[in-house]
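Asks:
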Amino acid sequence: MENTYSCGPFAERVVNEFVAPPGVYSIGGEIKAPDLIDPKRPIAGAQMDLFTACETELVNGTSDWLEFAGKHCIVAPGTNSPFRIAINGKSSGSFWFANMYVRKEIAPLFQTFMLYPNHRGYLFADQAQEVRVAVRLNPGAYLRREDLVFQLEAVRPDSGAKTDHSYQSPADDFTATLDFGPLPAGAYQVRATLLGRDGKVLFEQPPYRVVKVNSEPGALLKAWIDDRNLAHFGDGAPHFVIGIYDTSGYSNSPKYYAPAINEISQAPINMLINYFITNAPISAINAYTDALQEHGIFFLPTVNNFYEDARGYPKGAVKDLGSSKQDELIARYSNALAEERAIVGYYVQDEPTVDEVARTFHQYQIIKANDPAGFNLAVLDRPRDVQFWKDAVDVVGVDPYPLWLPVENYIAEVGDWTRMAVQAVHASRPVWTVIQFYQATAIASWPTEQQLHDMSWMAIAEGASGVFYWSHGMRALGWVRDPAEKAALWGSLVRVTKEIKDLEPVLLRPDTQVLTAKPSQDIVTREKTGADGVRYVIAYNHGSAAALARFVLQSPAQSVTVRRGMVKIEIKDGKTFADEFDGYEAKVYEIR
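If you're matching positions, the sequence shown starts at 1035 in the working numbering and goes up one per residue.
Here you go:
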C-alpha cells in the first residue's frame, strides 16, 4: 500500500475506513518523508496512529525508506479507532507510506504480577512473609484445563534453598502464594511456569527477584514504599504525598532558590519535581535540596531524558560527571546523589509511549544498583497503558487534565483514570494522580478552587496515595503576569492542599466499611475510621448533573459535618443522612 499526500500549512491526515475492534494491537509499516521538515519545529513530521490508542514515532527529512512501529495499542470497548496517517506540525512537503499493517497482539499463555512484596522485591523482617503473585491464564481453546499445572517456585541460587507451590487445573484469574517464613535471608528468584500433560513446560516467564532481609526497612533505606503503598521518607514515617512540579534555573547557593521555595512552602508540599535542575552540576542540586529541606520538601530528579537520542540530553550533567554514555551517566548521577537524604527517588518518564518500557526498566536497574533506596515515578497520559508499565517502575502516576473548554468539561476523568491505574496494579502499587493546575488553552480557564478541591478528592476517593499539581512553573503559574491573579490562583491551591494535609492521619489509615450500601448510582465513596474512632466518608459525584445521595451508616452517630465549610448535616434515626451534590462535586464527611 502506498499513499502520497501534500500538506498545507496545518496538520493534515488521511483516515482509513477500517475500525479496530476492542483489543491490543501493533501498527507499523514503512515511511519516507524527504521534503517534510521544519527546522523551527522539531516535532514536525509524518506518522501513523491507531486513533487515540497509540502512535508511531515522527519521521521527517529522510530520503530512505524507514521501518516504523507502534506496540501495545489498546483499543477499549466502545472506542471508534480507525488508523490514520498524518503530518504533525506546520510543515510543507510530501511523504510516502508503504506496507502498513494493523495486527492484533496475542496474549501469552499466562501473565503474572508480583502483588507482594510490593516495593523492589524487598521482604523485610517486620512484614508478612507470604509472597503473593496475581496470575491470569490465557489457555485458549486448544488446551484442556484439567491437563494444566501452574507452578510457582522460589530458589536462592547460591545455596539452593527453595520453596514451591503447584496449582492443578488453575482458574483464569487467581493468586498464587509462597511461604517465605522458613527460608533464610538472601536473594531469591521467583519463577512461574505452566506445565502440560506429562510435565512438559508450555510457558515460563522471566523470574521476579525477591530479597528477604532480616531487618526493618528504615535500617537500610532512606525512603521506601511500605506494604500498604504508603511512602516513607525523611522521618521514616508514612506520608500522604502532596507534590508539585516547578521549573527554575540553578545555582550553588541555596539563597538563589529561596523566593520560589518560600512561596511553594505556603502549601503543605512534601515532594517536588523540577525539570530544569536535572541539567545542573551535582553541587547545584545539593544546594537546591538544602533549600528544600529547610521546608521539609523532598526531591525527585528528572531523568527521563538521560538517553543519547533525547533532544534534552543533559549536557550539563555530562560535563559535570565526565561521561557522555547514557548508562554510565545515569550510574554516576544516581551514585552521586545516593547519600543525599532529600532525594527520595527519580522521575523517570513524563507521558511516555509504551515502547519506552524496556529501556526505562533497564535504567531502573542501573539506578537501583547505585541508589537502592527510594522510588522511581513514571506519569502516563494513557491510563490503559499502566498494565505495561507496572513492572518497570515503583510508582505509577496519571495526569488527566480535563479542563480544555469553557464549559462541559468531563471532570470525572480524574476519578476514571485513577481508578483504572489502581485496578491495573491490583491496588498493590502506589498511584499518584497529577491534578491540573494551569490554563490549557486560550479559550479554557484556570481551575477554580472548587474544581481543584473536587479533582483532588476524586483521586483520593478512587485510591490515590498521593497527588501532584502541574504546575508552579512555566506554562502554568510561572506565566501568570498579573500579581493579584497569581496570588489568587496560588491561594486556592494552598487552601485545597491544606485541607488534604489536615486529614493526612486519616488518609494513612486502612479503608473501613462505614456505610451499609452505595449512597446512589453516581456517588463514589471511600471510607475511613480515625485512630480516635471518628468516621469519614470521602464522596464525589461521578455525573455532570446534580445528584441526591442517601447515606446509611453501619452504626449510630451523633453528628455529621461536611469538612469543607464545616456544614452540619441533619441525621435521622442516628444512622441516616441525605445530601445533594453538584455535578462532579466532592465532599468529605466527618461522622461522630
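Think of the CB as a built atom: it goes at the ideal place given N, C-alpha and C, for glycine as much as any other residue. Note that the coordinates shown come from a computational prediction; the quantities given were computed from them, not determined experimentally.
Can you check whether the CB of L1084 is closer than 8 Å to the CB of C1107?
Replies: Their beta carbons are under 8 Å apart, which means C1107 touches L1084 by this criterion.
Asks: Suppose you measure from the CA of G1408 to the CA of E1496; what does that come to, to the nearest Å?
Replies: Approximately 24 Å, taken between the alpha carbons.
Asks: Measuring straight from C-alpha to C-alpha, what distance separates V1441 and E1390?
Replies: Taking the straight line from one Cα to the other gives about 35 Å.
Asks: Alpha carbon to alpha carbon, how far is E1342 from A1565?
Replies: Approximately 51 Å, taken between the alpha carbons.
Asks: CB H1153 to CB I1259, shorter than 8 Å?
Replies: Yes, the Cβ-Cβ distance between H1153 and I1259 is below 8 Å.
Asks: Under DSSP, the alpha helix (DSSP H) around W1438 begins and ends at which residues?
Replies: From DSSP, W1438 is part of no alpha helix (DSSP H); its letter is neither H nor E.
Asks: Helix or strand or just coil, what does DSSP make of P1073?
Replies: With a pLDDT of only 49 at P1073, under 50, the local geometry of the prediction cannot be trusted, and the value read off the model is given with reservation. Three-state DSSP puts P1073 in coil, outside helix and strand.
Asks: Report buried or exposed for A1581, applying the criterion of at least 16 other Cβ atoms within 10 angstroms of its Cβ.
Replies: So A1581 ends up on the buried side.
Asks: Short of 6 Å in beta carbon distance, which residues of its chain neighbour A1612, apart from the five on each side in sequence? Order them along the chain.
Replies: Closer than 6 Å at Cβ, skipping near neighbours: R1584.
Asks: So within the segment 1190–1228, which uninterrupted beta strand (DSSP E) runs reach at least 3 residues, ignoring any that extend past its ends?
Replies: Counting only runs of 3 or more, we get 1196–1202 and 1207–1213.
Asks: Based on the DSSP secondary-structure assignment, which residues constitute the bridge partners of H1153?
Replies: H1153 pairs with nothing; no bridge assigned.
Asks: Looking only at its own chain, which residues have a Cβ that is under 7 Å from the Cβ of V1459, when we skip the five neighbours before and after it?
Replies: Excluding sequence neighbours, V1459 sits near V1420, K1424, V1430 and V1465.
Asks: By Cβ distance, which residues of its chain are closer than 7 Å to Q1360, with the 5 residues on each side in sequence left out?
Replies: So the list reads F1340, Y1341 and E1342, once near-sequence residues are dropped.
Asks: Can you look up Q1470 in the DSSP assignment and give me helix, strand or coil?
Replies: Residue state, collapsed to three classes: strand.
Asks: Excluding the 5 residues flanking S1017 on each side, which residues of the same chain have their C-beta closer than 8 Å to its C-beta?
Replies: Because the chain is modelled from 1035 through 1626, residue 1017 falls outside the range shown and cannot be assessed.
Asks: Compute the Euclidean distance between the alpha carbons of L1100 and M1082, then round it to the nearest angstrom.
Replies: When rounded, the distance between both Cα atoms is 13 Å.
Asks: Using the rule of at least 16 other Cβ atoms within 10 Å of the residue's Cβ for burial, across every protein chain shown, is G1608 buried or exposed?
Replies: When all chains shown are included, G1608 counts as exposed.
Asks: For Y1059 and K1138, what's the separation of their Cα atoms in angstroms?
Replies: Taking the straight line from one Cα to the other gives about 4 Å.
Asks: Under 7 Å from any heavy atom of the ligand GTP, does the C-beta of V1337 make it?
Replies: The ligand GTP is not part of the structure shown, which contains no ligands of any sort.
Asks: Count the other CB atoms, across all protein chains shown, that sit within 10 Å of the CB of N1248; report buried if there are 16 or more and exposed otherwise.
Replies: Exposed: under 16 other Cβ atoms inside 10 Å.
Asks: Just the C-alpha distance for N1304 and L1541, rounded to the nearest angstrom, thanks.
Replies: The alpha-carbon atoms of N1304 and L1541 are separated by roughly 15 Å.
Asks: Could you give the residue range of the beta strand (DSSP E) that holds L1511?
Replies: Run containing L1511: none; DSSP gives neither H nor E here.
Asks: Measure from the alpha carbon of I1401 to the alpha carbon of each residue in P1335, A1168 and S1479, then state which is nearest.
Replies: Looking at the Cα atoms, P1335 is the closest of the given residues.
Asks: So K1562 and T1546 are in contact, right, with Cβ under 8 Å, and what is the actual spacing, rounded?
Replies: That pair is a contact at about 6 Å.
Asks: Enumerated in chain order, which unbroken segments of the beta strand (DSSP E) with a length of 3 residues or greater are wholly contained in the segment 1537–1603?
Replies: List check, beta strand (DSSP E) in window: 1557–1563, 1569–1575, 1581–1586, 1594–1596 and 1601–1603.
Asks: Rounded to the nearest angstrom, what separates S1554 and A1318 at their Cα positions?
Replies: Rounded to whole angstroms, S1554 to A1318 spans 53 Å at the Cα level.
Asks: Could you give the residue range of the beta strand (DSSP E) that holds F1237?
Replies: Here the beta strand (DSSP E) through F1237 covers V1235 to E1238.
Asks: Suppose contacts are defined by Cβ-Cβ distances below 8 Å. Is A1205 in contact with L1186 by that definition?
Replies: Contact flag unset, no.
Asks: Relative to the C-alpha of E1297, which residue among G1525, S1589, F1102 and V1378 is closest?
Replies: Closest by alpha carbon: G1525.
Asks: Apart from the five residues on each side of it in sequence, which residues of its chain come closer than 6 Å, Cβ to Cβ, to Y1398?
Replies: So the qualifying residues of the chain are N1410.
Asks: Assuming the contact rule is C-beta atoms closer than 8 Å, N1320 and E1374 should be a hit. Round their C-beta distance to whole Å, please.
Replies: With 8 Å as the limit, N1320 and E1374 qualify as a contact, their Cβ atoms being about 7 Å apart.
Asks: Under 8 Å between the Cβ atoms of F1129 and K1066?
Replies: Taking 8 Å as the Cβ cut-off, F1129 and K1066 qualify as a contacting pair.
Asks: Tell me the DSSP secondary structure of N1286 in three-state form.
Replies: N1286 falls in the coil class under three-state DSSP.
Asks: Classify S1299 as helix, strand or coil using the three-state DSSP reduction.
Replies: Coil.
Asks: Please work out which residues of its chain come closer than 8 Å, Cβ to Cβ, to A1498, disregarding the five sequence neighbours upstream and downstream, and give them in chain order.
Replies: Excluding residues within five positions, the ones whose Cβ falls inside 8 Å are T1452, V1456, V1465, W1466 and T1467.
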